[in-house]
Amino acid sequence: MQYKKIKPKKLYEQVADIIEQQILNKEILPGEKLDSVEQLAKHFEVGRSAIREALTSLQAKGIVEIRHGEGTFVRKLGAEDIQLLIPSSLIFDKEQIKNIFEIRKILELGLIENAAKFRTEEHLEVLRNTLQIMEKSVFDANTSGEADILFHHTISEAANNPLLVTMLQNVSSTIAQQIIQTRELLSYSERGALLQLHQEHVDIFKALQEQDSQQASNVMKKHLLHVESLLFNHLENK
Numbered sequence: 012m013q014y015k016k017i018k019p020k021k022l023y024e025q026v027a028d029i030i031e032q033q034i035l036n037k038e039i040l041p042g043e044k045l046d047s048v049e050q051l052a053k054h055f056e057v058g059r060s061a062i063r064e065a066l067t068s069l070q071a072k073g074i075v076e077i078r079h080g081e082g083t084f085v086r087k088l089g090a091e092d093i094q095l096l097i098p099s100s101l102i103f104d105k106e107q108i109k110n111i112f113e114i115r116k117i118l119e120l121g122l123i124e125n126a127a128k129f130r131t132e133e134h135l136e137v138l139r140n141t142l143q144i145m146e147k148s149v150f151d152a153n154t155s156g157e158a159d160i161l162f163h164h165t166i167s168e169a170a171n172n173p174l175l176v177t178m179l180q181n182v183s184s185t186i187a188q189q190i191i192q193t194r195e196l197l198s199y200s201e202r203g204a205l206l207q208l209h210q211e212h213v214d215i216f217k218a219l220q221e222q223d224s225q226q227a228s229n230v231m232k233k234h235l236l237h238v239e240s241l242l243f244n245h246l247e248n249k
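See the structure below:
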């Protein structure tokens, strides 16, 4: 029998795991403001960049909210957000995959049309940065996965529809797990598919940049169907 080697977690992942666990254990309460980046860096004895990456990953999962000029606050998690505790194995259950993608198609296709209309230069700048990270770390599942999560999260924020954003955040932790696990799977078996996924993100960005709502919706749908197909093909060949 062959076993997959365990990869050591990066510093920012370890920090994010600790903060997330403290939030789930109610050691840090909903609405509470976290310490500053400098204070957290001193507490965890890591660099500020590791703290920023940890907070960005937690925001992408819908656990915290980073308010520019104010700080980082713990989101008020509803019952739906207990998906944070869903075992990772369920993300590769066929019925679960189907359900998750149905939700993603309904929410993300609705969000991206508005995002194309209302996106700002600030949103585009964040998307550019995440694309650069994905390109540089295309075969690193965790790093590119976190950038992928932030990419989709930024699109939801650009849509200028708080209700839809909240609905997406309610399932964001499950989606985040799925994105990273998909990239882990492909990094071992289908590296060409990872390059194709990156190009799909570039196409989505271009449509948003040009404020072409129809094209943005088309390329997002193509992207989601492609990822869904990759996961189902993997399950069929297991």
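Numbering (the numbering used here), first residue to last: 12 to 249. All C-beta atoms, glycine included, are put in the ideal place defined by N, C-alpha and C. Bear in mind the structure is a predicted one, so any value in this text is a computation, not a measurement.
Cutting at 7 Å between CB atoms, please list the residues of its own chain near residue i, excluding the five before and the five after it.
{"i": "residue 52", "result": "58, 59 and 62"}
{"i": "residue 93", "result": "Note that residue 93 scores 44 on pLDDT, short of 50, meaning its location in the model is unreliable; the coordinates nonetheless yield the value given after this. Within the same chain, residue 93 has no close Cβ partners at all."}
{"i": "residue 77", "result": "66, 70 and 83"}
{"i": "residue 233", "result": "211"}
{"i": "residue 129", "result": "169, 170 and 171"}
{"i": "residue 156", "result": "190, 191 and 194"}
{"i": "residue 48", "result": "59, 62 and 63"}
{"i": "residue 204", "result": "197 and 241"}
{"i": "residue 112", "result": "235 and 239"}
{"i": "residue 231", "result": "119, 120, 123 and 215"}
{"i": "residue 100", "result": "In this predicted model, residue 100 has a pLDDT of only 43, less than 50, meaning its place in the structure is not dependable; the value taken from the coordinates is given anyway. Result list for residue 100: empty, nothing under 7 Å."}
Just list the residues that DSSP pairs residue i with in beta bridges.
{"i": "residue 44", "result": "84"}
{"i": "residue 76", "result": "84"}
What residue range does the alpha helix (DSSP H) around residue i cover?
{"i": "residue 202", "result": "202-220"}
{"i": "residue 31", "result": "22-35"}
{"i": "residue 56", "result": "Where residue 56 is concerned, there is no enclosing alpha helix (DSSP H), given that its DSSP letter is neither H nor E."}
My guess is that residue i and residue j are in contact by the Cβ rule of under 8 Å, so how many angstroms apart are they, rounded?
{"i": "residue 123", "j": "residue 166", "result": "6 Å"}
{"i": "residue 149", "j": "residue 206", "result": "6 Å"}
{"i": "residue 126", "j": "residue 219", "result": "6 Å"}
{"i": "residue 74", "j": "residue 34", "result": "6 Å"}
{"i": "residue 142", "j": "residue 216", "result": "6 Å"}
Identify the continuous beta strand (DSSP E) that holds residue i and give its terminal residues.
{"i": "residue 149", "result": "Careful: residue 149 lies outside any beta strand (DSSP E) and carries neither H nor E."}
{"i": "residue 130", "result": "Unbroken run through residue 130: none, as it is neither H nor E."}
Kindly list the residues whose CB is nearer than 8 Å to the CB of residue i, restricted to its own chain and excluding five residues on each side of it in sequence; keep chain order.
{"i": "residue 24", "result": "65, 68 and 153"}
{"i": "residue 46", "result": "54"}
{"i": "residue 43", "result": "84 and 85"}
{"i": "residue 146", "result": "209"}
{"i": "residue 39", "result": "30, 33, 45 and 85"}
{"i": "residue 87", "result": "41 and 42"}
{"i": "residue 138", "result": "162, 165, 166, 216 and 219"}
Excluding the 5 residues flanking residue i on each side, which residues of the same chain have their C-beta closer than 6 Å to its C-beta?
{"i": "residue 173", "result": "none"}
{"i": "residue 222", "result": "127"}
{"i": "residue 176", "result": "167"}
{"i": "residue 179", "result": "118 and 167"}
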